[in-house]
Amino acid sequence: MEYDSLIARAKALVQQGTETEGESPAAAKQMFVEAAALLLEGSRRAPSLDARKESLELANQLYLRSQQVQEQKESLLFKNATVSFKDIAGMDAVKEEIRLKLIAPLKYPEVFAKYGKQVGGGILMYGPPGCGKSLLAEATAGEAGVPFFNVKASSLKSKYVGETEKNIANLFVEARKHEAAIIFFDEFEALGADRNKTSFSFEKNFVSQLLTELDGVGSKNQRLLVIAATNLPWEIDLALRRDGRFGTAIFIPPPDASARKEMLQMMLKSCPTQGIEYDELMRLTDGFSGAEMKGLVDRSIEMPLKEFIQTNRLRPVAHSDVLASLKKIHPASKKWFGDAKRRLQEFADDPLYNEMMKVAA
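In this note's numbering, the protein residues as written are 170 to 530.
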């Protein structure tokens with residue numbers, strides 16, 4: 170096949186793949202891969218060095234696009250949640266708020282309708298990193314018994330104009346096929362960033378598409394709940410935080426003292442321990458996130474394991490192991506609260522931050 174014919178065939182496959190990407194991601198991926206192969210073959214038959222470079226560059230772009238299609242396809246897949254609130258230590262007040270605002274409306278829509286409460290809608294979870302927002306979202310789906318779409322916002326983004334908006338629309342189409350479902354956007358600031366803070370018009374379109382989809386949530390008897398999680402609530406576009414969209418915000422703080430103690434007991438339950446003073450560790454881990462608590466336990470468990478490799482002697486995890494591990498972990502939430510306080514000065518009257526200000530004080 171001659172160069173011009175190879176290029177023409179590749180262009181036709183790209184056009185066909187673009188048209189079918191929304192309905193059949195797997196087929197689109199195959200078309201992009203085939204087009205990339207044709208362009209590679211074309212580069213070997215190119216009439217000039219510039220044409221060869223162009224064919225190679227386009228082939229590389231199409232291969233990357235085919236991989237991106239796979240990521241976006243996975244974003245459209247739901248799963249049945251495997252965790253519930255009993256798997257999460259502490260956070261009783263947060264769980265109670267989630268039961269009232271998220272789970273009960275999904276489970277008892279007719280009761281909430283009698284009181285004029287709309288079923289479905291958007292909820293914004295915000296707080297320091299590593300405090301369990303993703304786990305809480307999945308546990309919410311587990312408690313409600315509905316399909317769970319776990320989406321990393323960045324996986325929906327595409328460098329091709331219009332593709333991100335199409336990916337967002339396709340996600341909501343898939344979710345609406347279910348009688349009830351939860352869509353969870355992690356790292357939501359990647360999609361819902363303040364339009365006044367970006368100079369790129371195509372990024373502003375992401376927010377516009379989200380607004381369009383959210384305005385349809387909760388209508389036509391659809392029980393669709395959208396949960397967004399962010400560590401940077403001040404970066405979210407104000408239009409997304411209005412009632413009917415993400416008007417309800419839930420602050421997810423670092424675990425309190427009793428929760429930290431319960432976490433340690435849960436995470437050390439399956440391994441041999443000796444002399445662990447949980448009350449002291451509860452005090453020493455003030456400000457630790459859930460992720461940092463897990464890191465502390467992992468480091469502590471590794472100490473007797475390293476000794477076993479060297480001496481072939483087993484011993485339980487000791488209190489001294491945990492104390493030694495504590496010296497190597499510096500809570501990130503303290504820095505987050507410091508940054509949050511500075512940013513909060515811009516939003517002194519914003520109700521979104523009331524709970525955060527109480528904890529940050």
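Even glycine gets a Cβ: it sits at the ideal position worked out from N, Cα and C. Please read these numbers as outputs of a predicted model, since none were measured by experiment.
Closest by C-alpha distance to Gln287, out of Lys276, Tyr295, Met294 and Gly296, is Lys276. Rounded to the nearest whole angstrom, the CA to CA distance from Ile421 to Lys180 is 49 Å. Relative to Leu383, the option among Ile351, Ser217 and Arg268 whose CA is nearest is Ile351. The beta carbons of Ser235 and Phe201 sit closer together than 7 Å.
Assigned with DSSP and collapsed to three states, Val252 falls in coil, not helix or strand. Counted as a single uninterrupted DSSP element, the beta strand (DSSP E) harbouring Phe318 occupies residues Pro316 to Lys321. For the set Ile267, Arg410 and Asn336, the Cα lying nearest the Cα of Arg364 is the one of Arg410. Across the set Ile445, Val376, Ala215 and Lys283, the C-alpha of Ala215 shows the shortest separation from the C-alpha of Ser174. For Phe357, there is no enclosing alpha helix (DSSP H), as DSSP gives it neither H nor E.
The alpha-carbon of Ala487 is positioned some 30 Å away from that of Val252. Within a 10 Å sphere around the beta-carbon of Pro441 sit fewer than 16 other beta-carbons, which makes this residue exposed.
With fewer than 16 other beta carbons inside 10 angstroms of its own, Gly331 counts as exposed.
Straight-line spacing of the CA atoms in Gly301 and Ala460 works out to 8 Å. For Leu483, there is no enclosing alpha helix (DSSP H), as DSSP marks it with neither H nor E.
Contact annotation, Glu358 with Glu312: C-beta distance approximately 26 Å; criterion of less than 8 Å not satisfied. The segment 261 to 275 makes no contact with the segment 471 to 489, as fewer than three CB pairs between them are under 8 Å. Assigned with DSSP and collapsed to three states, Thr442 falls in strand. Beta-bridge pairing by DSSP links Thr333 to no other residue. The beta carbon of Pro485 sits closer than 6 Å to the beta carbons of Pro441, Thr442 and Gln443 from its chain, once the five residues preceding and following it are set aside; these are given in chain order. For Met294, there is no enclosing alpha helix (DSSP H); the residue is found in the beta strand (DSSP E) stretching over Gly290 to Tyr295. Inclusion of Thr417 and Ile498 in the CB contact set at 7 Å is not warranted, their separation being larger than that value. Assignment of Arg345 by DSSP, reduced to helix, strand and coil, places it in the coil class.
Boundaries of the alpha helix (DSSP H) around Thr187: Tyr172 to Thr189.
By the neighbour-count criterion, in which a residue is buried when 16 or more other Cβ atoms sit within 10 angstroms of its Cβ, Val466 is buried. The beta carbons of Ile419 and Ile267 sit about 7 Å from each other, so the pair counts as a contact at 8 Å.
Look at Ile396 here: in three-state DSSP terms it is strand. Within the DSSP bridge table, the entry for Ala362 names Ile405 as partners. One thing to note: Leu453 has its Cβ no nearer than 7 Å to the Cβ of Leu433.
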